[in-house]
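Residue numbers (the UniProt record's numbering), protein chains in the order written: chain A, 1 to 629; chain B, 1 to 525. These notes concern the structure reproduced below.
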Amino acid sequence: MTDRTGAAQRVLGGDLYTRIKQCKLLVVGAGGIGCELLKNVALAGFQDIHVIDLDTIELTNLNRQFLFQQQHVGQSKAKVARESVLRFNPSLSITAHHANIFEDKFSLGFFEQFDLVMNALDNLKARNHVNRMCLAANKPLIESGSAGYLGQVTVISKGKTECYECQPKPPPKQYPACTIRNTPSTIVHCIVWAKFLFSHLYGEADHENDVAPNPDDPELSADAKDSNTAMDEKQDGEEKRMNTRQWAESNDYDPQKLLEKLFVRDVIVLLSLASLWKKRAKPRVLDLSQINTAQDTHAKQEDVLPDQKLWTVQDCVDRFLHSAGELKKRFQACAPGDYLTWDKDDDVAMDFVCAAANLRAYVFGIPLKSRFDIKSMAGNIIPAIATTNAVVAGLILTEAMKVLRGDIDSCKAVYLSRTAMGAGRRVVNPVPISAPNPKCYVCGERAQVTVRLDPSRVTVETLAEQLLKKDLSLVAPVVVLASGAEMIAAPEDEEEEHILKTKVYPRTLASFGIRDGTACSVMDDMQANFKLSLVFRQADEHDPDTPYEIVADTSTAANNDGNGVGDGDEGDEAERGASSAAAEKRKHSPSPPPPTTTTTTTTQDVGDGTTTTTSDALADKTPAKKSKA
Amino acid sequence: MSEDKNVVPSQREQRYDRQLRLWGDHGQRDLEAAHVCVINATTLGTETIKNLVLPGIGKFTIVDPEFVTTEDLGTNFFFEERHIGQPRANAATELLLELNSSVEGNAKVDTMANVLAKDPDFFRQFSVVVACDTPLYALLPLATLLWAEQIPLLVARAYGMIGYLRLVTPEHTVIESHIAAFDDLRLTRPFPELLAHARSTILDDLSLDKHSHVPYPILVLRGIDAWRETHADLPRTRAEKKEFAGMLASWRRTKDDGSGVADEENFAEAMAKCNTIFRSAPNVPSEIQALLDDPKCSNPDKSAFWQLCNALKAFVSVHNDLPLSGAVPDMHADSRSYVALQQLYRSKAAADQAFIKDALASRLPNALVARFCKNAAGLVVVRTPSLETELTGHCGKLSDAAAMSVGDETRAFEFYIALRACDRFHEKHNRYPGTGAHAHEEDAGELSSMCADVLRNAGVDGVTIGDDCVKEMCRYGAAQLHSVAAFVGGMTSQEIVKLVTQQYVPANHTIIYNGVQGDSRTLNF
Ligand SMILES: [Zn+2]
Numbered sequence: 001m002t003d004r005t006g007a008a009q010r011v012l013g014g015d016l017y018t019r020i021k022q023c024k025l026l027v028v029g030a031g032g033i034g035c036e037l038l039k040n041v042a043l044a045g046f047q048d049i050h051v052i053d054l055d056t057i058e059l060t061n062l063n064r065q066f067l068f069q070q071q072h073v074g075q076s077k078a079k080v081a082r083e084s085v086l087r088f089n090p091s092l093s094i095t096a097h098h099a100n101i102f103e104d105k106f107s108l109g110f111f112e113q114f115d116l117v118m119n120a121l122d123n124l125k126a127r128n129h130v131n132r133m134c135l136a137a138n139k140p141l142i143e144s145g146s147a148g149y150l151g152q153v154t155v156i157s158k159g160k161t162e163c164y165e166c167q168p169k170p171p172p173k174q175y176p177a178c179t180i181r182n183t184p185s186t187i188v189h190c191i192v193w194a195k196f197l198f199s200h201l202y203g204e205a206d207h208e209n210d211v212a213p214n215p216d217d218p219e220l221s222a223d224a225k226d227s228n229t230a231m232d233e234k235q236d237g238e239e240k241r242m243n244t245r246q247w248a249e250s251n252d253y254d255p256q257k258l259l260e261k262l263f264v265r266d267v268i269v270l271l272s273l274a275s276l277w278k279k280r281a282k283p284r285v286l287d288l289s290q291i292n293t294a295q296d297t298h299a300k301q302e303d304v305l306p307d308q309k310l311w312t313v314q315d316c317v318d319r320f321l322h323s324a325g326e327l328k329k330r331f332q333a334c335a336p337g338d339y340l341t342w343d344k345d346d347d348v349a350m351d352f353v354c355a356a357a358n359l360r361a362y363v364f365g366i367p368l369k370s371r372f373d374i375k376s377m378a379g380n381i382i383p384a385i386a387t388t389n390a391v392v393a394g395l396i397l398t399e400a401m402k403v404l405r406g407d408i409d410s411c412k413a414v415y416l417s418r419t420a421m422g423a424g425r426r427v428v429n430p431v432p433i434s435a436p437n438p439k440c441y442v443c444g445e446r447a448q449v450t451v452r453l454d455p456s457r458v459t460v461e462t463l464a465e466q467l468l469k470k471d472l473s474l475v476a477p478v479v480v481l482a483s484g485a486e487m488i489a490a491p492e493d494e495e496e497e498h499i500l501k502t503k504v505y506p507r508t509l510a511s512f513g514i515r516d517g518t519a520c521s522v523m524d525d526m527q528a529n530f531k532l533s534l535v536f537r538q539a540d541e542h543d544p545d546t547p548y549e550i551v552a553d554t555s556t557a558a559n560n561d562g563n564g565v566g567d568g569d570e571g572d573e574a575e576r577g578a579s580s581a582a583a584e585k586r587k588h589s590p591s592p593p594p595p596t597t598t599t600t601t602t603t604q605d606v607g608d609g610t611t612t613t614t615s616d617a618l619a620d621k622t623p624a625k626k627s628k629a
Numbered sequence: 001m002s003e004d005k006n007v008v009p010s011q012r013e014q015r016y017d018r019q020l021r022l023w024g025d026h027g028q029r030d031l032e033a034a035h036v037c038v039i040n041a042t043t044l045g046t047e048t049i050k051n052l053v054l055p056g057i058g059k060f061t062i063v064d065p066e067f068v069t070t071e072d073l074g075t076n077f078f079f080e081e082r083h084i085g086q087p088r089a090n091a092a093t094e095l096l097l098e099l100n101s102s103v104e105g106n107a108k109v110d111t112m113a114n115v116l117a118k119d120p121d122f123f124r125q126f127s128v129v130v131a132c133d134t135p136l137y138a139l140l141p142l143a144t145l146l147w148a149e150q151i152p153l154l155v156a157r158a159y160g161m162i163g164y165l166r167l168v169t170p171e172h173t174v175i176e177s178h179i180a181a182f183d184d185l186r187l188t189r190p191f192p193e194l195l196a197h198a199r200s201t202i203l204d205d206l207s208l209d210k211h212s213h214v215p216y217p218i219l220v221l222r223g224i225d226a227w228r229e230t231h232a233d234l235p236r237t238r239a240e241k242k243e244f245a246g247m248l249a250s251w252r253r254t255k256d257d258g259s260g261v262a263d264e265e266n267f268a269e270a271m272a273k274c275n276t277i278f279r280s281a282p283n284v285p286s287e288i289q290a291l292l293d294d295p296k297c298s299n300p301d302k303s304a305f306w307q308l309c310n311a312l313k314a315f316v317s318v319h320n321d322l323p324l325s326g327a328v329p330d331m332h333a334d335s336r337s338y339v340a341l342q343q344l345y346r347s348k349a350a351a352d353q354a355f356i357k358d359a360l361a362s363r364l365p366n367a368l369v370a371r372f373c374k375n376a377a378g379l380v381v382v383r384t385p386s387l388e389t390e391l392t393g394h395c396g397k398l399s400d401a402a403a404m405s406v407g408d409e410t411r412a413f414e415f416y417i418a419l420r421a422c423d424r425f426h427e428k429h430n431r432y433p434g435t436g437a438h439a440h441e442e443d444a445g446e447l448s449s450m451c452a453d454v455l456r457n458a459g460v461d462g463v464t465i466g467d468d469c470v471k472e473m474c475r476y477g478a479a480q481l482h483s484v485a486a487f488v489g490g491m492t493s494q495e496i497v498k499l500v501t502q503q504y505v506p507a508n509h510t511i512i513y514n515g516v517q518g519d520s521r522t523l524n525f
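Here you go:
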């Protein structure tokens, strides 16, 4: 046995080796774990591999993502990974997708072509999505993540194991908008503010999420009149009406003016809201002439990288002006409609947030932090090293072998410990994988409905009034999308009902991102324990008379012999037509947009993907379109 | 601001950003100063080196007499078709160096035994030596030399579905173990300056705003003063701690409008900390006391660690306490009083460091002394048995390991003995069981009786090695599976990073990985 595959065939046995060879494999993510994984699967004998990754290669990847080298910085991870593996073994079939997993082309049909899917992702949203797609396609999924010396691997198999979403994840941390805009008390509040400032100034235009002093602070309600007059006095009429973005635009994004507005004039406005400072220390205005240049930052900082040195207030001012000047140039060079996206690894963008957060901290008497520390918090940076990823990728292969042997029962959820010091301590800690959570709205067997329709033609009204209320007997349906957003909310009062019926009902399902394979959770505001998962399949054609067909309905299958209830009788069809007409009539009524009162942060990219939600996540909104800052 | 202030990270900082957050710049410098020798560029060998080149190890040297074969191409990512027939050491060095231009790599195309015979000094240049896929018996001469030099030896193997890793070192010392410790603010035994500062704070004289921003350590210290007026001892029992917290609670102000107790977070913080503050623990943890009682502490060798321990011993004999770390955790406070508190702790920590520095027999870098003082509560010394002890004569602890392994589903102990028997087989036949033209069954019989020999020689009674384990080992025929080698390579390189940075605690036992189950055990003997 002297050919390439001799060792693998010998150790694995011919039968398993053949299954590996015939397995069509999808690897989602070509980052830290992904690189190791692609090497491992190529050397294990997998022949037909697809890899998806949206990212391009960055310098900070090179300490672990060994398929990439210095000269590849800026190129597609998926494509360079493919080339690097092919260089090693040119006979493999590797398909690289430099694309977002949420794109339409990765439909249920796409997932169905694979025998096995491996996740090497770095964010919760994509993990949830692949989890749902694999459940819908009924394909086994191996999920993994690492953080520093810690790591984990688990297997998800529909109906046999719990899915990625069976155990609810802790909700991402939220900060009240008023804390962020008016009364920060920790450096984290200042960093959140600085990141919002970046997005507000240079990101996608969004006039709702301002960063300026917020006169609607509930603490002010008692003397609202009083404070509003105070605000009027401190701001001329024009400035008051404009949000910070508009103000910046009208001042040509001048860095010096921006500095003065944010850290002098806005602070004066805040000081005028007197009731905020009854129990709090007052902020101080940044007085550029008063900054003590010899300000002691710390006793001598020996043994510290430049990035770990604490900036003086003067440093912060200088860095703010410099980075705001750079960002102005970049922003003004953007094509119309294009904008900047904050990136922790972009030095200018990072400098801006570090300087702005520290200046705000100075204003509010909060201790300053180094750029290194602020970067950790602002970018949710999780340490990532080659060694852990190598171990994790090795474990993924072990679980993959079990799956391909058809022995899902022996699969384990494996956790890495930091140290094996001490008798009985283990490097790896496998634990049995829990059974599916019957109440899981994503995979709960007894609560899933699959419906076939054309999302670009079917309206929310049809879904809510016909499918959910009539066919599935819901009283007050609530429909939550994979993103966590509510497509249909249970109205609390007449006004909300009006908004739902006039603003939401006329929209198509496609306008909410629903497409082949999308799963969303359905709850009933009136039936506390009711929960089901609704999976959409693309219909080949749209028949206005039968806009949807229920394909499989495990909750009511017994009553319908598996045919579903969507086949309907004539009476149903007539009613459907009527409600569509009613929807048309209501289409053009105006209504105000719902108010936003909280600043929400979501979980976002971390190291090589911990599988836990980071508690201090400080992410921005995910923009639909991206142009590197 | 001029660019020379250098506040923007360098290329090196960016490249290593994600790991600097784990082991710091000084850890990175240790890594960059290290020279690792890897014996055999097997898949396990190259995977191990890959994981060291990426984070930026200083130098590696491969010692390997073999030439690249077609079968190597099937398991080793660092060979290409064009390398067939070339020395493995050269081919692997070439491709591994592509991963990081700041790393230096050398190849020595020779056997370890030859190199050792011709030039014993060769191995003295390394920080760590890793022997990959080498039978244990063949390692004895090298292991003896490295033991005498106090150079750590890692023995790593990927044998079919079985992985093996063993650290051999008389002693490895760790200053930064990263073992989570309490933030010890010394509130039950405050230093004079801290106590004076606390006593200068008259709570009743403060405005509500100031009152609700007094850092909790001050509140606790004022509380202890008040407590002592009526109690001889500090609160120790649950009930006493509760009583103490209740006293603090009663100190909270009422709201300005008189509508109840003000929501003073600093008081809540102080009350929540009562349990840990008044826990009864010795000033010097028992693990650290054991280090101070070690003979090497009184008669330190030239190593910085023992010299520092010697100075620490002097410190403890004077202060009956460890040096203060100087760290003050985040707490609810206004920045002025927080900074004042921080400065007190910092200057006390600096004074403690100065004591240690003066007590040192020879000069050591300030940064090192500072790190030592900061981490004094987590110092660790790792010692392993020598390879000689393991391989020759009776090893009493092996019987214990056998007894502890009863019912172990990974069968780590059996695979360990079977691996030792494979080595014995190799020593006798110059090939591993199941290789060559021989039928597995034929070798299995002999391997089985060799397992019994290994157990008998080690003085382990009443244990037999399952036939299925023996047959599995024969079936593997010493072949290497990439995924198992990748796993063991990851683990091995992780331990090397721990060794050369002297951070985190390396495994001090034999690790056996079962690649079928994806599970591992540490054997302690
Ligand atoms: Zn589930």
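Glycine residues also receive a C-beta, built at the ideal position from the N, C-alpha and C atoms. Just so you know, these numbers come straight off a predicted model, no measurement behind them.
Q.
Is the beta carbon of B/THR61 closer than 9 Å to that of B/LYS108?
A. yes
Q) Is A/PRO436 near ligand 1, with its Cβ less than 8 Å from a heavy atom? A) yes
Q) CB of A/GLY484 to nearest heavy atom of ligand 1: below 8 Å? A) no
(Q) I need the DSSP call for B/PRO190, collapsed to helix, strand or coil. (A) coil
Q | B/MET491 (DSSP reduced to helix, strand or coil) | A | helix
(Q) Let me check understanding here. Comparing Cα to Cα, which of B/ALA340, B/ALA272, B/LYS471 and B/HIS35 lies closest to B/ALA198? (A) B/ALA340
Q | Per-residue DSSP class, three states only, for B/PHE60 | A | strand
Q: Identify every residue that forms a DSSP beta bridge with B/PHE67.
A: B/PRO87
Q.
Please classify A/GLN71 as buried or exposed, where buried requires at least 16 other C-beta atoms within 10 Å of its C-beta.
A. exposed
Q.
Quick check on DSSP: helix, strand or coil for A/ASP351?
A. helix
Q: Compute the distance between the beta-carbons of B/THR169 and B/PRO152, then report whether it is under 9 Å.
A: yes
Q) So B/LYS50 packs on B/HIS35, CB below 8 Å; how close in whole Å? A) 17 Å between Cβ atoms; not a contact.
Q. Does the count of Cβ pairs from the segment 340 to 349 of chain A and the segment 279 to 290 of chain A closer than 8 Å reach three?
A. no
Q | Beta-carbon neighbours of A/PRO430, restricted to chain B and to distances below 8 Å | A | GLN517, GLY518 and ASP519
Q: Note down the Cα distance separating B/PHE415 from B/MET404, rounded to an integer number of angstroms.
A: 15 Å
Q | Boundaries of the beta strand (DSSP E) in which B/ALA245 is found, first to last residue | A | Counting along the chain, B/ALA245 falls outside any beta strand (DSSP E), though it belongs to the alpha helix (DSSP H) covering 238 to 250.
Q: Pull up the distance between the alpha-carbon of B/ARG475 and that of A/SER91, whole angstroms please.
A: 28 Å
Q: Kindly indicate which three-state DSSP category B/SER367 falls into: helix, strand or coil?
A: Note that residue 367 of chain B is Ala in the sequence shown here, rather than Ser. Residue state, collapsed to three classes: helix.
Q. Going along the chain, which unbroken runs of the alpha helix (DSSP H) with 4 or more residues stay wholly within the segment 135 to 210 of chain B?
A. 136 to 149 and 192 to 199
Q) What span of residues does the beta strand (DSSP E) with A/ASN119 cover, start to end? A) 116 to 119
Q: To the nearest angstrom, report how far apart B/PHE278 and A/TYR253 are at their CA atoms.
A: 56 Å
Q: Determine the direct distance from the alpha carbon of A/LEU59 to that of B/ASP233, and round the result to whole angstroms.
A: 58 Å
Q) Do the CB positions of B/SER325 and B/ALA281 come within less than 9 Å of each other? A) no
Q) What in chain B is Cβ-close to A/LEU395, meaning under 8 Å? A) PHE487 and GLY518
(Q) So, at 8 Å on beta carbons, what are the nonlocal neighbours of A/LEU270 in its own chain, with the 5 sequence-adjacent residues on each side left out? (A) ASN182, PRO213, LEU276 and PRO283
Q | Per-residue DSSP class, three states only, for A/PHE536 | A | strand
Q. Ligand 1 heavy atoms versus the CB of A/VAL211: any closer than 8 Å?
A. no
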